[in-house]
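Trainee:
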Amino acid sequence: MDRIRIRGGNALNGTIPISGAKNATLPLMIASLLTDDTLTLENVPHLADVEQLIRILGNHGVDYTVSGKRLAHDTSTGRTIHFSARNIVDTTAPYELVSKMRASFWVIGPLLARMGQARVSLPGGCAIGTRPVDLFIDGLQALGARIDIDGGYVAAEAKGGLIGTRYVFPKVSVGATHVMLMAASLAKGETVIENAAREPEIVDLATCLNAMGARIEGAGTPTIRIEGVTALSGARHRVMPDRIETGTYAIAAAMAGGDVTLEHTRGDYLQAALVALGEAGAEVTATPNGVRIVRNGGGVHPVDVVTDPFPGFPTDLQAQFMALMTRANGVSHITETIFENRFMHVQELARLGAKISLSGQVARIEGVPRLAGAPVMATDLRASVSLVIAGLAAEGETMVNRVYHLDRGFERLEEKLSACGAEVERISG
Ligand code: EPZ
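Residue 428 is where the sequence shown ends in numbering that gives the first Met the number 0, and the numbering goes up by one at each step.
1) Unbroken alpha helix (DSSP H) runs of length 4 or more, entirely within the stretch 279-354: which are they?
2) Since I believe I146 is in contact with Q440 (beta carbons under 8 Å), could you give me their beta-carbon distance rounded to a whole number of angstroms?
3) Could you tell me how far apart the beta carbons of S385 and D241 are, in whole angstroms, since I believe they sit closer than 8 Å?
4) I'd like the ranges of any alpha helix (DSSP H) spanning at least 4 consecutive residues and lying wholly in the stretch 237-274.
5) Got a sec? Which residues, its chain only, sit under 8 Å from A71 by beta carbon, not counting five neighbours each side?
6) For the ligand EPZ, is there any heavy atom lying closer than 6 Å to the beta carbon of L134?
7) Compare the C-alpha of D406 against each of Q51, L142, L391 and name the closest.
8) Please determine whether the Cβ atom of F338 lies at a distance below 6 Å from any heavy atom of the ligand EPZ.
9) Per the DSSP calculation, V191 is bridged to which residue(s)?
10) Skipping 5 residues on each side, what residues in its chain have a beta carbon closer than 7 Å to that of V345?
11) Which word fits A230, buried or exposed, when buried means at least 16 other C-beta atoms lie within 10 angstroms of its C-beta?
12) Nearer than 6 Å: is that true of the beta carbon of D303 relative to any heavy atom of the ligand EPZ?
13) So the candidates are A196, L185, T260, L391; which of them puts its Cα closest to the Cα of N209?
14) Can you say whether M0 is buried or exposed, counting buried as having 16 or more other CB atoms within 10 angstroms of its CB?
15) What does DSSP give as the partner residue(s) for D149 in the beta ladder?
16) Within the same chain, show all residues whose beta-carbon is closer than 7 Å to that of V171, passing over the 5 residues directly before and after it, in chain order.
17) Quick check on V178: does DSSP put it in helix, strand or coil?
18) Between which two residues does the beta strand (DSSP E) harbouring Q116 extend?
19) Identify whether T378 lies in helix, strand or coil by the three-state DSSP scheme.
20) Just how far apart, CA to CA, sit E396 and G289?
21) Let's test the definition: count the other Cβ atoms within 10 Å of the Cβ of E198 and tell me whether it reaches 16, buried, or not, exposed.
22) Could you pull the start and end residues of the alpha helix (DSSP H) that T363 belongs to?
23) Does the beta carbon of V173 fall short of 6 Å from some heavy atom of the ligand EPZ?
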C-alpha cells in the first residue's frame, strides 16, 4: 500500500494548477445515463473515484472513450471523456459496487427517469457518519415513483413516467438535489424544488443538463424550476474547477508559509474559506485565473468556523482548516454541522502534537508552537489531506499511510506540492 512521506519545514512558493472538480465530475458522469446520445466531459480529473464510477456505469451499459489525453508536461487540462449510454443493459446497481462509493447511489435518478425502474443498493454507513437516503426516497416519491426497500435494495418504479411536482427539502442535501434535477428533467410537467442545495457543483450539473436540452432555472438558489422534456440529447461540457482542492492548497500555503498562486480556478467558489484564511493571517488576492495566497512571517491567528451548506464554510475543508489552527497563537473552535462524525482526524493530529478536545459537534483547538512528525493514517479523503498539511509544518518526518484515500480525490498531490518546494514523496508498495 502506498504511503506519503513529508519532511516538514519548507515554505511553499510557486504555482499549482487546480484540477476539475471530483464532486462535479461524479454527477455529470451519472447524467450520461439520461440520454442515448454521447455526453462529452472535458477537464475530467484522474482520480480513483472517477475510475470506480466508470466501472459502475459500465455495469449499466455505459461505454466510454478517452481522447485528448494531456501530455506529460501539461498539467493544465484534464482528460476529455465521451460517455455513451445508448443501451442501458441493467437497471440494478449492486451492493458490491455501490458500497465502494456513496455517490453511485445517485444513478437511481436517471435510471428511474429514463427506464421507468431502478434497483439500487443502499450505500451503507461510511467513515464520516450514517448518511441516510430518506431525502432521495421522499423526493422521488413526490415525483410519483413507487419505492420499496427490500433486501438492502431501494427498488423504484414509475412505469408511466415521473410527474412534475413541488417538493420542499426538509434539509439541504447536495446528492438529493442532484438526483431530483436529473429525475425531474425527464418528468412530465413542471417541478419546483425548494430548499435546494446551492453548491457550485449543482450549478455545473444544471448547466450541463440544459446543454443536453433540459429546462432548468434557478440552480444556485434555494428554488429550482425544472420544466420536464421528453428526451435529452448529447452535449459537450467542461467540468468546473475543484473548489475543495483549491481551498486545500490555499490552507497548505497558509500553513507552510510562502507565496502560492492557484490557477485554473475561481475564488468566488470558496469565499467563506478564503475569508477565514484572511482572518488567520494569510494575504488572499484574486488573480485573473485563480487565487494567490501569501503568508510571509507573522503567526497564524485563531479563527472560529462553523461548517454549513454553500455558501457557508464547507465541511470538506473542515479537517484541513483544523490542521492550520493547530499552529495558531491562541484557541479556536470548529463546529461541524453537516456530518455527525467527521472528526476522525483529531486523534491523528494529536499524534503530531496537536491539542484538540471534542465536545459534541465542537472541536476546541489550542494552538501549539510546534508539531513533530509521526506516522499517521486517516479513514477518509479530507482527513488524510489534513495530515499532509500538518506534516508540512511539522518538524521531521510525517508518514501518511493509506494513501488510497488521498487518491480518491487529489490528483498528483505529491507532484503539485513538490513543485512548490515541499519535500513530499510517494513511497510505493
Ligand atoms: C456531498 O455529499 C459531497 N459528495 C461530500 O463530499 C460533501 O461533504 C457533502 O456533499 C456536503 O457538502 C459528493 O459531492 C460526491 P449531503 P452528499 O447529502 O451529497 C444528510 C468529499 O469528501 N442526508 O449534502 O452525500 C447527510 O447525512 C465528500 O468529497 C440525510 O439526512 O451530502 C448529511 O448529514 C464527502 N438524508 C447532510 O444531509 C439523505 O437522504 C448533507 O449531506 C441525504 C443526506
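C-beta atoms are modelled at their ideal positions from N, C-alpha and C, and glycine is treated no differently. Since the model is a prediction, treat every value here as computed from it, not as a measurement.
Mentor: So, to answer that:
1) Qualifying alpha helix (DSSP H) stretches, in chain order: 317-324, 344-350.
2) The first residue shown for the chain is 0 and the last is 428, placing residue 440 beyond what the model contains.
3) Rounded, the Cβ-Cβ distance is 16 Å, inconsistent with contact.
4) 242-255
5) Only weak support exists for where A71 lies, its pLDDT of 48 falling under 50; the value from the coordinates is given anyway. Excluding residues within five positions, none has a Cβ falling inside 8 Å.
6) yes
7) Closest by alpha carbon: Q51.
8) yes
9) Its beta-bridge partners are R165, R224.
10) I355, L357, A362
11) exposed
12) no
13) L185
14) exposed
15) Y152
16) Taking C-beta separations shorter than 7 Å and ignoring five residues to either side along the sequence, the partners of V171 in its chain run N194, A196, P308, following chain order.
17) helix
18) Taken as a continuous stretch (DSSP letters only), the beta strand (DSSP E) holding Q116 covers 116-120.
19) coil
20) 31 Å
21) buried
22) For clarity, residue 363 is Arg in the given sequence; the question names Thr instead. That residue, R363, is in no alpha helix (DSSP H); its beta strand (DSSP E) goes 361-365.
23) Checking the 6 Å criterion, the Cβ of V173 is within range of a heavy atom belonging to the ligand EPZ.
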